[in-house]
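Written below as structure tokens is the structure these notes are about.
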Amino acid sequence: MAFSVTTKCWVLLVALVYVSFFGFKFGNAHEDLPETGSVDGHDIPQTGAVDGDPAQIVAKALLCFNDKFIYSSCEESYRLNERGNINVPPEYTDQYCNGPCLEETHLVLTCIGNILSNFFFYNKATIQDVRETLQAGCSYTSERGDFNVAEHIEADENSANKAGKSILFGFMPMIIGCGLLI
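Here the sequence shown stands for residues 1 to 182, numbered as in the working numbering.
What follows is the structure, encoded as structure tokens:
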């Protein structure tokens, strides 16, 4: 009986250690692999496949930044660019958030998302990252006027690391409890 409890505890301990070290990579895509949803001309379901050459799809998404029907009123220096930057000085925040620039930037993001939903800007930001940065930059909080997408992504990554540490420390009482049963 004591042997089976000890064996169960060791199996649990090994599983928890494995998950704590390797479990945080689940769900992360490998950056060097194609994500077109097609292998040897055969479509793979539920992978976001779209007819056409991947280079043409990306080129079409990039055209959204220069579409005269989308960006018609916003000054070019304040527009979202392919690098994922929104260059809005703090003193221009009210005009940006209450004028046509914010709406036109959302239209550009929608245009890109309709063509390529998993689009990444050059700074590795996603469409959702840019939307969250816009929301924070136009909010009436301490983040108002801060349209730095890279800093916003970094802050999200830091909070994700803290969550991972919290989970790891949540497993510690289970391991100690298992050790007490031995």
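Idealized CB from N, CA, C, for every residue including glycine.
Small disclaimer: the values here were computed from a predicted structure and weren't measured.
query: Counting C-beta neighbours from all protein chains within 10 Å, is the total for Val149 16 or more, i.e. buried, or is it exposed?; result: buried
query: Counting pairs of Cβ atoms below 8 Å between the segment 97-104 and the segment 115-133, do you hit three or more?; result: no
query: Hey, out of Phe65, Ser139, Ile70, Ala61, whose CA is closest to Asn85's CA?; result: Phe65
query: Nearest to Glu82 by alpha carbon, out of Cys111, Leu62, Glu143, Val14?; result: Leu62
query: Distance check for Gly113 and Leu80, CA to CA, integer angstroms please.; result: 14 Å
query: Pull up the distance between the alpha-carbon of Thr7 and that of Leu13, whole angstroms please.; result: 10 Å
query: For Pro90, which residues of its own chain have a beta-carbon under 7 Å away from its beta-carbon, when the five flanking residues on both sides are left out?; result: Gly145
query: Rounding to the nearest angstrom, what Cα-Cα distance links Phe69 and Thr141 in this structure?; result: 32 Å
query: Kindly indicate which three-state DSSP category Ile44 falls into: helix, strand or coil?; result: Below a pLDDT of 50, predicted positions are generally treated as unreliable, and Ile44, at 45, falls in that range; the measurement from the model is reported next regardless. It is coil, neither helix nor strand.
query: Between the alpha carbons of Val11 and Tyr18, how many angstroms are there, rounded?; result: 11 Å
query: Starting from Tyr96, follow the alpha helix (DSSP H) in both directions and report where the run begins and ends.; result: 93-98
query: Name the two residues that bound the continuous alpha helix (DSSP H) containing Val58.; result: 54-62
query: Give me the Cα-Cα distance between Thr105 and Lys60, rounded to the nearest whole angstrom.; result: 17 Å
query: Less than 8 Å between the beta carbons of Cys111 and Asp67, yes or no?; result: yes
query: Straight-line CA distance for Phe147 to Thr133?; result: 6 Å
query: Kindly indicate the opening and closing residues of the alpha helix (DSSP H) around Val130.; result: 127-138
query: Once DSSP output is grouped into helix, strand and coil, what is the label at Leu80?; result: strand
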